[in-house]
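Q:
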Amino acid sequence: METAISFIGENQQMIYIIILAIFVGFVLIANVPSVLHTPLMSGANAMSGVVMIGAIIVMGYADTLMFKVFGLIAVILGTFNVVGGFVVTDRMLEMFKKKPKSETE
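FYI, our numbering numbers position 1 of the sequence shown as 1416, with every residue one higher than the one before it.
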């Protein structure tokens, strides 16, 4: 308990910054018009891809086998996140395409 209290005391400014970033991010995303959600998701997927490259580089410097396994699991789950995000973005873009008129109408 004392270590948690000392950690909070030593990192109080960082905790405030994280809370503020969460609040500002939530407010910004909540106020994005529905038309802009597709470009927003594409940008988030691009950032996830950059983070994946960093994770792979950091995993290369892992010292123990346990850290390498955790890094590998993180990279695999992150890859699922990036691929899934692009699939969802592609499906959202398909909704905006005009459908051809059928001959029977």
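Glycine included, C-beta positions come from ideal geometry on N, C-alpha and C.
Measuring straight from C-alpha to C-alpha, what distance separates asparagine 1426 and threonine 1418?
A: 12 Å
Q: Once DSSP output is grouped into helix, strand and coil, what is the label at tyrosine 1431?
A: helix
Q: Within the same chain, show all residues whose beta-carbon is closer than 7 Å to that of lysine 1512, passing over the 5 residues directly before and after it, in chain order.
A: Around lysine 1512: no qualifying Cβ.
Q: For aspartate 1505 and isoleucine 1423, what's the separation of their Cα atoms in angstroms?
A: One C-alpha to the other measures close to 43 Å.
Q: Would you please state the rounded distance, in angstroms, between the beta carbons of alanine 1470 and glycine 1486? I believe it to be under 8 Å.
A: 7 Å
Q: Check alanine 1477 in the structure and name its three-state DSSP category.
A: coil
Q: Tell me the rounded alpha-carbon separation between serine 1517 and valine 1450.
A: 27 Å
Q: From what residue to what residue does the alpha helix (DSSP H) around serine 1421 run?
A: 1417-1425
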